[in-house]
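Peer 1: Protein chains in written order, with our numbering: chain A, 1 to 410; chain B, 1001 to 1249.
C-beta atoms are modelled at their ideal positions from N, C-alpha and C, and glycine is treated no differently.
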Amino acid sequence: MNARAKPLEAVTDAFVARYEAQPGHDAVCADAAALFRAGGLPGPREEAWHYTTLRPLADAVFDAQRADPALLLSQLPDIEAPRLVFVHGCYRADLSAPPSGISVRTGAPAWGRLARPETEKLVALNTMLAQDGAAIEVADGIDGGTLVLASLATGGAFHPRHAIRLGRGARLTLIEANLGTGAYLHNPVFSVDVADDAALTHLRIQQEGEDAFHLSTLYAEVGARGTYDSFLLTLGGRLARMEVHTRLAGEKATAHLNAAQLLGGSQHADFTTVVTHDAPATVSRQTVKNVLTGRSRGVFQGKIEVSRIAQKTDGYQMNQALLLSPDTEINSKPQLEIYADDVKCSHGSTVGELDPDQLFYLRSRGVPEAEARSLLVRAFLNEALDPIGHEAARGAMEGMIATWWEGRTA
Amino acid sequence: MLEIKGLTARVEDKEILNGIDLVIPDGEVHAIMGPNGSGKSTLSYVLSGREGYEVTGGTATFDGVDLLSLEPEQRAAAGLFLAFQYPVELPGVGNANFLRTALNALRRAHGEAELDAVQFLKLARAEVKRLSIADDMLKRNVNVGFSGGEKKRNEVLQMAILRPKLAILDETDSGLDIDALKIVADGVNALRAPGFSALVITHYQRLLDYIVPDRVHVLVHGRIVRSGGPELALELEANGYAAVTAEAA
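1) By the three-class DSSP mapping on this structure, what secondary structure does S1147/B have?
2) Compute the Euclidean distance between the alpha carbons of S1038/B and P1025/B, then round it to the nearest angstrom.
3) Counting only Cβ pairs nearer than 7 Å, list the residues of chain A close to S1048/B.
4) Give the secondary structure of R1275/B by DSSP, where H, G and I count as helix, E and B as strand, and everything else as coil.
5) Do you know whose CA, among V1093/B, E1003/B, L1115/B, lies nearest Y361/A's CA?
6) Taking only three categories from DSSP, how would you classify S1044/B?
7) So with CB distances below 7 Å, who are the chain B contacts of Q358/A?
8) Can you find the residues in the same chain that come closer than 6 Å, C-beta to C-beta, to H214/A, ignoring five residues on each side of it along the sequence?
9) Note down, in chain order, all residues in the stretch 1091–1108 of chain B with a beta-carbon under 7 Å from any beta-carbon belonging to chain A.
10) Which residue marks the beginning of the beta strand (DSSP E) containing S191/A, and which one marks its end?
11) So is L1158/B in contact with chain A if we call contact Cβ pairs under 8 Å?
12) Determine the contact status of S1069/B and I1168/B, defining contact as a CB-CB distance below 8 Å.
13) Can you give the Cα-Cα distance for A289/A and A199/A, rounded to whole angstroms?
14) Please classify P356/A as buried or exposed, where buried requires at least 16 neighbouring CB atoms within 10 angstroms.
15) Would you mind stating whether E1171/B and I1201/B have Cβ atoms separated by less than 8 Å?
16) Taking Cβ to Cβ, would you say L1208/B is nearer than 8 Å to A1233/B?
17) Any C-beta of chain B sitting closer than 8 Å to the C-beta of N382/A?
18) Going by the CB atoms, is the gap between Q1205/B and L1236/B shorter than 8 Å?
19) Would you call the stretch 105–117 of chain A and the stretch 130–146 of chain A in contact, with 3 or more CB pairs under 8 Å?
20) If the cut is a Cβ gap below 9 Å, which residues of chain B does L336/A touch?
21) Hey, E1028/B and S1197/B are a contact pair by Cβ (cut 8 Å); roughly how many whole angstroms apart?
22) Check for me: the alpha helix (DSSP H) holding G144/A runs from which residue to which?
23) Would you mind giving the Cβ-Cβ distance between S266/A and G298/A, rounded to the nearest angstrom? I have them listed as a contact below 8 Å.
24) Below 8 Å on the Cβ atoms is my guess for F62/A versus G156/A; work out the distance and round it to an integer in Å.
25) Could you give the distance in angstroms between the alpha-carbon of G1058/B and the alpha-carbon of E1003/B?
26) My assumption, with CB atoms under 8 Å, is that S1048/B sits in contact with L1090/B. Please give the rounded CB distance.
27) List the whole-angstrom C-beta distance separating H256/A from R285/A, where the pair is believed to meet the contact cut-off of C-beta under 8 Å.
28) Select from the stretch 1056–1073 of chain B all residues with a C-beta closer than 9 Å to any C-beta belonging to chain A, and list them in chain order.
29) Whole angstroms are fine: how far does the CA of P368/A sit from the CA of T173/A?
30) Rounded to whole angstroms, how far is the Cβ of S296/A from the Cβ of G264/A, which I believe are closer than 8 Å?
31) List the DSSP bridge partners of R363/A.
32) With 16 as the cutoff for other CB atoms within 10 Å, does A1243/B come out buried or exposed?
33) Of the choices E47/A, T350/A, R66/A, P23/A, whose alpha-carbon is the least far from that of G182/A?
34) Under 8 Å, do G169/A and D193/A count as touching if we go by C-beta distance?
35) When DSSP labels each residue in this structure, what does V61/A get in the three-state scheme?
36) Does the ligand MG have a heavy atom nearer than 7 Å to the CB of A1031/B?
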């Protein structure tokens, strides 16, 4: 261990000190502060944190927050849509183009109703220090179109708090882009309500700075016949944890939690999901693809809970990893907790390298080795990318993947 | 022209090729026949550069270029094409995308402009039609869920689009019914021209009824033990390999 390594408690103390230095305290923040003081940051003794340690936070030195990260704005996916831009966790009206037909409130944390600071310690931290966030609401029966929610950063630590609510039969495609450069901590929390017959498509891009920490917790609840359809593309960050808690609360509610984690160097990324089937005939699908190079490490922990009333549940979970160097590691932990007796639940995982027969087949047709490898990696990811119906977003993500791949092989 | 001299090769520690001498002039189709384990497939893999096949001696040149020193993709760029005995499935890779990637890689290697998607599809659809292949084969993932016959037809389609100077057909007839066999043979015959030569590797004489070779060679224990005209194939069909195997021993 590094001789100068500080204990994680020092990080907890620093966050608490920051809270105490803030003028005036909201009751919500004060309650969370009490929780955070008592519980601190999650540690390796907690089952949900077995594969991911926050220890690197103790030695991290965050960069300064540069005043104008406008350069980052140019890296936003090229999608014609209204956008809400947050810089270091604070809303920037000057960089945003708010939507019409959707209600958006900014300027204060959007607490939402689903977050649980009492169980998730990072959510307690977020609640204690949250300054701003977006409350996005699509009214009953409205198609809200596409909305970009962007986070830009160059340094510091920030804890935005967002809430998204879709009324009955409402629709929205939310493109969440997390971009940055340098060392910082981004610890957002989302509360996502999808009412009966509503459909939210949530496309998430995580391309934080290479020394950044991205710790995100999202809670979603889906009503009868509603859909929460999400895809996560993880490319950036030194240490990333995306935690998603989804409760399928109404009959025939559906959740898709697909993800692709593309990692290199000494990156560590963790996708942790809990899907609770809490009504009959609910459906969940999770296809998670990891492409690991260098000394990177990928984690997928997926828990499917089926409550007693959730008969005819259909749950499926698959975690696949392509290990492109011998020093990479994938940790895969599926968990099924089933209390109903008439359900269909399955999970699986595969780990492998590129298939030498496939490589030779392509090369024998004249495709150079690097291009053949790229084509096969892309093919591996297709199963998770193909279902993305928003063509501009899928195109943007494909471009990011291609750029990532070029950077790895250069 | 393909010239192979004294070629020896092994797989792991087992010598499979024990000195192959073979010349295929431009425009000719040669057949290699032989019993199982005689080294037929090994020869095709050694020529196309598959990993795990160690050349221990001899030479193989194509139009004067030392084939054995080239990477597999460079051999393809030099004009070589291997029709696989067991075509490989590529889940997640569309057949049209695969074919265009391959064709454009070859065109790049030859200093030619790449084809865009529209130009390529026009060319591909024409070949699909000419070879009586179902249109949807271009849309499906490469060889995924293809029947044995469809996989072999897809090999012929690739050959027709990539236009090699030398095609090696590794037991392309195995597992084919007679209709599929005819389609495959028609595809090869359509390419026959002064600038195209082929090495047809087969266990049975049947394929050679449809692709009539200029020369037939018999491979036994990694060596060519007899060569002759098309009639040699008929003789093997009538008498079996036992006679030539005994001669070779």
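Peer 2: So, from the data block:
1) For this step, residue 1147/B is matched to residue 147 along the second sequence. It is coil, neither helix nor strand.
2) Within the second sequence, residue 1038/B is the residue found at index 38, counting from 1. Within the second sequence, residue 1025/B is the residue found at index 25, counting from 1. If I take the Cα positions, the gap works out to 24 Å.
3) As a first step, residue 1048/B is located in the second sequence; it is residue number 48 there, counting from the start. Within chain A, the residues S364 have their CB atoms less than 7 Å from the CB of S1048/B, given in chain order.
4) There is simply no residue 1275/B to check, as chain B begins at 1001 and stops at 1249 in what is shown.
5) The count along the first sequence starts at 1 and reaches residue 361/A at position 361. Ranked by how close their Cα comes to the Cα of Y361/A, the residues V1093/B, E1003/B, L1115/B have V1093/B in first place.
6) Taking the first residue of the second sequence as 1, we reach residue 1044/B at position 44. Helix.
7) Locating residue 358/A in the first sequence gives position 358, counting from the first residue. Under the 7 Å cutoff, chain B gives V1088, L1090.
8) For the purposes of this step, residue 214/A is taken as the residue at position 214 of the first sequence. Here the set comprises H186, Q206, E208, G237, A240.
9) Listed in chain order, the positions of the stretch 1091–1108 of chain B with a beta carbon within less than 7 Å of a beta carbon of chain A are P1091, G1092, V1093, T1101, A1102, A1105, L1106.
10) Your numbering for residue 191/A matches position 191 in the first sequence. Per DSSP, S191/A is one residue of the beta strand (DSSP E) stretching across 189–194.
11) Working through the second sequence from its first residue, we reach residue 1158/B at position 158. It should be pointed out that residue 1158/B corresponds to Gln in this sequence rather than to Leu. So yes, Q1158/B belongs to the interface.
12) Residue 1069/B sits at position 69 when you count from the first residue of the second sequence. Residue 1168/B sits at position 168 when you count from the first residue of the second sequence. Against a cut-off of 8 Å, the Cβ pair of I1168/B and S1069/B comes out as no contact.
13) By 1-based counting over the first sequence, the position of residue 289/A is 289. By 1-based counting over the first sequence, the position of residue 199/A is 199. Sequence check: residue 289/A is Lys here, not Ala. Between the alpha carbons of K289/A and A199/A lies a gap of roughly 24 Å.
14) Locating residue 356/A in the first sequence gives position 356, counting from the first residue. P356/A is exposed by the Cβ-count criterion.
15) In the second sequence, counting from the first residue as 1, residue 1171/B sits at position 171. In the second sequence, counting from the first residue as 1, residue 1201/B sits at position 201. Yes, the Cβ-Cβ distance between E1171/B and I1201/B is below 8 Å.
16) As a working note, residue 1208/B is residue 208 in the second sequence. As a working note, residue 1233/B is residue 233 in the second sequence. Yes, the Cβ-Cβ distance between L1208/B and A1233/B is below 8 Å.
17) The residue given as residue 382/A occupies position 382 in the first sequence. At a cut-off of 8 Å between beta carbons, N382/A contacts chain B.
18) Along the second sequence, one-based indexing puts residue 1236/B at 236. Along the second sequence, one-based indexing puts residue 1205/B at 205. The Cβ atoms of L1236/B and Q1205/B lie closer than 8 Å to each other.
19) Contact between the stretch 105–117 of chain A and the stretch 130–146 of chain A is present, because at least three Cβ pairs lie under 8 Å.
20) The residue you call residue 336/A lines up with position 336 of the first sequence. Within chain B, no residue has its beta carbon less than 9 Å from that of L336/A; the closest one is some 26 Å off.
21) Position 28 of the second sequence holds residue 1028/B. Position 197 of the second sequence holds residue 1197/B. Right, their Cβ atoms sit about 5 Å apart.
22) Within the first sequence, residue 144/A is the residue found at index 144, counting from 1. Not the alpha helix (DSSP H): G144/A falls in the beta strand (DSSP E), residues 143–153.
23) The residue labelled residue 266/A in the question sits at position 266 within the first sequence. The residue labelled residue 298/A in the question sits at position 298 within the first sequence. The Cβ separation is near 12 Å, so there is no contact.
24) Counting from 1 along the first sequence, the entry for residue 62/A is found at position 62. Counting from 1 along the first sequence, the entry for residue 156/A is found at position 156. Distance from F62/A to G156/A at the Cβ level is roughly 6 Å; contact confirmed, criterion being Cβ atoms closer than 8 Å.
25) If you number the second sequence from 1, residue 1058/B lands on position 58. If you number the second sequence from 1, residue 1003/B lands on position 3. Cα to Cα, G1058/B sits roughly 11 Å from E1003/B.
26) Position 48 of the second sequence, counting from 1, holds the residue named residue 1048/B. Position 90 of the second sequence, counting from 1, holds the residue named residue 1090/B. By a beta-carbon distance limit of 8 Å, S1048/B does not contact L1090/B. Their separation comes to about 17 Å.
27) The residue labelled residue 256/A in the question sits at position 256 within the first sequence. The residue labelled residue 285/A in the question sits at position 285 within the first sequence. For a cut-off of 8 Å, the C-beta gap from H256/A to R285/A is around 5 Å, short enough to register as a contact.
28) Only E1071, P1072, E1073 from the stretch 1056–1073 of chain B bring a Cβ to less than 9 Å from some Cβ of chain A.
29) For the purposes of this step, residue 173/A is identified with residue 173 of the first sequence, where counting begins at 1. For the purposes of this step, residue 368/A is identified with residue 368 of the first sequence, where counting begins at 1. Spanning the two alpha carbons is a distance of roughly 38 Å.
30) What you label residue 296/A is simply residue 296 of the first sequence in a count that begins at 1. What you label residue 264/A is simply residue 264 of the first sequence in a count that begins at 1. About 6 Å separates the two Cβ atoms, so the contact holds.
31) For the purposes of this step, residue 363/A is taken as the residue at position 363 of the first sequence. The partner list for R363/A (beta bridge, DSSP) is empty, contrary to what the question assumes.
32) The count along the second sequence starts at 1 and reaches residue 1243/B at position 243. It counts as exposed.
33) Counting from one through the first sequence, the residue named residue 182/A turns up at place 182. Minimum Cα-Cα distance from G182/A among the listed residues E47/A, T350/A, R66/A, P23/A corresponds to R66/A.
34) Counting from 1 along the first sequence, the entry for residue 169/A is found at position 169. Counting from 1 along the first sequence, the entry for residue 193/A is found at position 193. With contacts defined as CB atoms closer than 8 Å, G169/A and D193/A fail to qualify as a contacting pair.
35) Indexing the first sequence from 1 puts residue 61/A at position 61. The three-state secondary structure of V61/A, taken from DSSP, is coil.
36) Annotation note on the ligand MG: not contained in the displayed structure, which lists no ligands.
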